[in-house]
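S.K.:
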Amino acid sequence: MTAQHVPATPDALPPDIPAHVVADVPVDVPADVPGELAVRRRAGFDRPGYTGPSRSRRIPPIAAQFLTEQPMVVVGAADQHERLWASLLTGPPGFARAQPTGDAEQADAVTISARPMDGDPLAEALSRPAEVGMIALQPAVRRRMRMNGHASPGGSGIQVTLDEVFANCPKYIQGREPWLEPGSVPGVPSHHAQLTMRQQQLIQRADTFFITTANRRGEVDASHRGGNPGFVQLLDPRRLRWPDYQGNAMFCTLGNLAENPSAGLLFIDWATGDTLQLTGTAHTDWDERHAAEVPGAQRLVEFTVTEVVATAQASGLRWTRAEYSKFNPEVLPRTA
């Protein structure tokens, strides 16, 4: 994949260009500099010896137990056209489980007894070997676990040999409990070039979404974003914007976007099981004036839609009303 751009640091700007327009003066991310590092430096986290929170390709026992308890996993990958998507996989607790390969003492692979439904953008991609990013989120206790690796089909599911495993910032996870709706049947996925009014309304009331990104080598990551309803702004039927709140300075998502602008989003209607999947491109807006207009924003991310896939009752899971995180910043009413 072709390397993209990250903004220059203020020190690199010509003297006649003010620092607040730094986003308009991009520089190439050198091939030997990870996007995460470039973004970390731009964000002011370039401290000597700091490499970000720790990661491993092994799953410790407590994390393996956590994974086994989950009824849902979000998986991100590229389709046959190299567009990124995020898809929802569900099953009874135990449908996702960690296991060791070879002589490993700790689990270094994950087996998921589910694949995307027919018509899902990733149904074909996950029927063959693929790079994937995954996130298991447990809203009830506000925990999440991210896993990236190589997926291969097996039986009715997939097996993922892991490259990275890490648990990170739970601050913006909304509390909710799941149950299974008897007789819930998935609808037929519908495809759209832009967001319909009903789809826009789902996004406007969303407090959570999932995002898939990939670096220049095609290594995929899946993460989540959360906030109070309205934290995702609709600019028009093909453009969204959301704040990047203060987290733990990993910058996995923004780092990938610095190398490769492709991204996929997943919104879930927690009350109905409907899903809304978007693919397109995203970029980080580093203009401090724009961030200052959004409470809690360190910077903003803008997403442009290429395609939309909507599926009614994609999941049989239903969830209780959200208990919003105490860390969610205020959301201001939009002005015309």
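Each residue of the sequence shown is one higher than the last, beginning at 11 in this note's numbering. From the three backbone atoms N, C-alpha and C, an ideal C-beta is built for every residue, glycine too.
Give me the Cβ distance between residue 348 and residue 224, rounded to the nearest whole Å; I'm assuming they're in contact under 8 Å.
M.R.: Residue 348 lies beyond the range of the chain shown here (11 to 346); nothing can be said about it.
S.K.: Give the straight-line distance between the Cα atoms of residue 170 and residue 56, rounded to the nearest whole angstrom.
M.R.: Here residue 170 corresponds to residue number 160 of the sequence shown, with the count starting at 1. Here residue 56 corresponds to residue number 46 of the sequence shown, with the count starting at 1. For residue 170 and residue 56, the distance between alpha carbons rounds to 33 Å.
S.K.: Would you mind stating whether residue 277 and residue 213 have Cβ atoms separated by less than 8 Å?
M.R.: As a first step, residue 277 must be located in the sequence shown, where it is residue number 267. As a first step, residue 213 must be located in the sequence shown, where it is residue number 203. Yes. Within cutoff.
S.K.: If we count Cβ pairs, one from each stretch, closer than 8 Å, do we get three or more for the stretch 175-189 versus the stretch 143-155?
M.R.: Yes: at least three Cβ pairs fall under 8 Å.
S.K.: Counting pairs of Cβ atoms below 8 Å between the stretch 40-55 and the stretch 113-125, do you hit three or more?
M.R.: Cβ pair count under 8 Å is below three, so no.
S.K.: Might you give, ordered along the chain, the residues of its own chain that have their beta carbon closer than 8 Å to the beta carbon of residue 66, omitting 5 neighbours on each side?
M.R.: In the sequence shown, residue 66 corresponds to position 56, counting from 1. Same-chain partners within the cutoff: 174, 175, 176.
S.K.: By Cβ distance below 8 Å, which residues in the same chain neighbour residue 137 in space, the five residues on each side in sequence not counted?
M.R.: For the purposes of this step, residue 137 is identified with residue 127 of the sequence shown, where counting begins at 1. The answer, listed in chain order, is 125, 163.
S.K.: If you check the beta carbons only, do residue 241 and residue 275 fall under 8 Å apart?
M.R.: Mapped onto the sequence shown, residue 241 falls at position 231. Mapped onto the sequence shown, residue 275 falls at position 265. For residue 241 and residue 275, no; Cβs fall outside 8 Å.
S.K.: From which residue to which residue does the beta strand (DSSP E) around residue 69 run?
M.R.: Looking up residue 69 in the sequence shown gives position 59. Segment: none, residue 69 is in no beta strand (DSSP E) and carries neither H nor E.
S.K.: Do residue 285 and residue 233 have their C-beta atoms within less than 8 Å of each other?
M.R.: Numbered from 1 along the sequence shown, position 275 holds the residue referred to as residue 285. Numbered from 1 along the sequence shown, position 223 holds the residue referred to as residue 233. No, the pair does not count as a contact, with Cβ atoms beyond the cut-off.
S.K.: Could you pull the start and end residues of the beta strand (DSSP E) that residue 278 belongs to?
M.R.: What you label residue 278 is simply residue 268 of the sequence shown in a count that begins at 1. First-last of the beta strand (DSSP E) with residue 278: 272-278.
S.K.: Any beta-carbon of chain D closer than 8 Å to the one on residue 223?
M.R.: Included in the structure is just one protein chain, with no chain D present.
S.K.: Can you tell me where the beta strand (DSSP E) holding residue 243 begins and where it ends?
M.R.: In the sequence shown, counting from the first residue as 1, residue 243 sits at position 233. Per DSSP, residue 243 belongs to the beta strand (DSSP E) from 243-246.
S.K.: Would you check if the distance between the CB atom of residue 204 and the CB atom of residue 248 is smaller than 8 Å?
M.R.: Stepping through the sequence shown from its first residue, residue 204 is reached at position 194. Stepping through the sequence shown from its first residue, residue 248 is reached at position 238. Closer than 8 Å, so yes.
S.K.: Can you round the beta-carbon distance between residue 381 and residue 290 to whole angstroms, since I take them to be within the 8 Å contact cut?
M.R.: Because the chain spans 11 through 346 in this model, residue 381 falls outside it and cannot be assessed.
S.K.: To which residues does DSSP link residue 289 through a beta bridge?
M.R.: Taking the sequence shown and counting its residues from 1, the one referred to as residue 289 is at position 279. DSSP lists 274, 317 as partners of residue 289.
S.K.: What number of angstroms, rounded off, separates the C-alpha of residue 202 from the C-alpha of residue 208?
M.R.: Locating residue 202 in the sequence shown gives position 192, where the first residue counts as 1. Locating residue 208 in the sequence shown gives position 198, where the first residue counts as 1. Distance between the alpha carbons of residue 202 and residue 208: 12 Å.
S.K.: Once the 5 residues before and after residue 34 are set aside, which same chain residues still bring their CB inside 6 Å of it?
M.R.: What you label residue 34 is simply residue 24 of the sequence shown in a count that begins at 1. The predicted model places residue 34 with a pLDDT of 37, which falls under 50 and marks its position as unreliable, so this point remains unresolved.
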